[in-house]
Amino acid sequence: MVAKAKIASGFAPVGAFFRHQFSPVLNVLAALGDYLLLTGQTLVWMCRPPYRFGRLLEAMEFIGVQSIFIVSLTGLFSGMVLALQTVASLRTFGAEGIVGQLVAQAMTREISPVFCALMVTARAGSSMAAEIGNMRVTEQIDAITTMGVSPVQYLVAPRLLAAVLMVPLLTVLYTLVGMGGAWFVAVQGLGVDPGSFISNIEQNVLPSDFRMGEIKAACFGFLIASIACQNGFLASGGARGVGLATTRAVVQGAVSLLIANYLITTWLMDL
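In the working numbering, each residue carries its 1-based index in the sequence shown increased by 135.
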């Protein structure tokens, strides 16, 4: 026993060295494991009764309806700036008539789902992480568990489903408002022929463009809610811990959206 203890004590510095060197990787793997575990539990509870439609409607109203203004405002100015830059570039070649097509394809495929998801992350994702994190540090989640209610089903599942349903609808709104802003700048401000603007959209923007944006939006909604709820659910350390969890939710959500956007685009372009 003494010999074994000496051998173990001899390896202790080596173990401490490897833990120190690989701690960032281990922390990332641990966080990924916690995320996958909580997300898996959420998907299971989403399919099991009781179905809390009231909580779902509240989450849909918070994520969707309360995001209309910021999404519309961002979409309006995105479309206006995109039309302004595109007309300025195309006018050199005398091809400003196709500005409607280019703006519409850019909006439906990339700009609308990505920018809309980023706005929802900043507004709704941060709030979800803060609310659930505050419930964790004040032991409200423990109280829910004590009453025999699953906190995952009660707090996380409705938000996850609501985000998957509402972010695609907000993306459609973003596109419509953005195209309205693009039409105003191009036609009313820069003198582009309105017939060419509309006809090029009708002839060249395909259902596949719209489908790509909606698939991205649904995936982004899933990431927004799952990452925000996971950070809030595992928050600790009082008010400071809630603040850190909220910050992590926004940063991780934004980075995950950009990575997922590239992966989904690569997958859909190969189909």
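Glycine included, each C-beta is placed from N, C-alpha and C at the ideal position. All of these numbers come straight from a predicted model, not from anything done at the bench.
Thinking C-alpha only, which one of the options is nearest residue i?
i	options	result
Thr273	Thr382, Gly372, Arg383	Gly372
Phe402	Asn269, Val386, Thr382, Lys351	A quick correction: the sequence has Trp, not Phe, at residue 402. For the residues Asn269, Val386, Thr382, Lys351, the minimum Cα distance to Trp402 belongs to Lys351.
Leu295	Leu191, Gly330, Ala166	Leu191
Gln236	Thr221, Cys182, Pro248	Thr221
Trp180	Leu398, Leu305, Ile333, Gln288	Gln288
Glu266	Val377, Pro329, Thr306	Val377
Ala201	Val255, Ala165, Val160, Val163	Strictly speaking, residue 201 in this sequence is Gln, with Ala absent from that position. That would be Val255, whose Cα lies nearest to the Cα of Gln201.
Leu304	Ser331, Gly388, Ser207, Met215	Ser207
Gln365	Gln240, Leu167, Asn162, Val160	Leu167
Assuming residue i and residue j are in contact, meaning their beta carbons sit under 8 Å apart, how far apart are those beta carbons, in whole angstroms?
i	j	result
Ala321	Val234	5 Å
Phe357	Val291	Going by Cβ atoms, the distance from Phe357 to Val291 rounds to 12 Å, so no, they are not a contact pair.
Ala213	Phe188	Per the sequence shown, residue 213 should be read as Ser rather than Ala. With 8 Å as the limit, Ser213 and Phe188 do not qualify as a contact, their Cβ atoms being about 34 Å apart.
Ala252	Ile394	No, Ala252 and Ile394 are not in contact; Cβ-Cβ is about 12 Å, not under 8 Å.
Arg244	Gly348	6 Å
Ala264	Gly199	At roughly 18 Å, the Cβ-Cβ gap does not stay under 8 Å, so Ala264 and Gly199 are not in contact.
Val302	Leu211	In fact, because the Cβ distance is near 18 Å, the residues do not count as touching under 8 Å.
If the criterion is Cβ atoms closer than 9 Å, does the pair residue i and residue j meet it?
i	j	result
Trp318	Ala380	no
Met404	Met314	no
Ser261	Ala384	yes
Ala370	Asn269	yes
For residue i, which three-state DSSP category applies?
i	result
Glu196	helix
Val137	Bear in mind that a pLDDT of 49 at Val137, under 50, signals an unreliable position, so the number given afterwards is only what the model happens to contain. It is helical.
Glu245	helix
Tyr186	coil
Asp328	coil
Glu231	helix
Glu349	helix
Met282	coil
Gly372	coil
Assign residue i to buried or exposed, taking buried as 16 or more other Cβ atoms, counted over all protein chains shown, within 10 Å of its Cβ.
i	result
Met282	exposed
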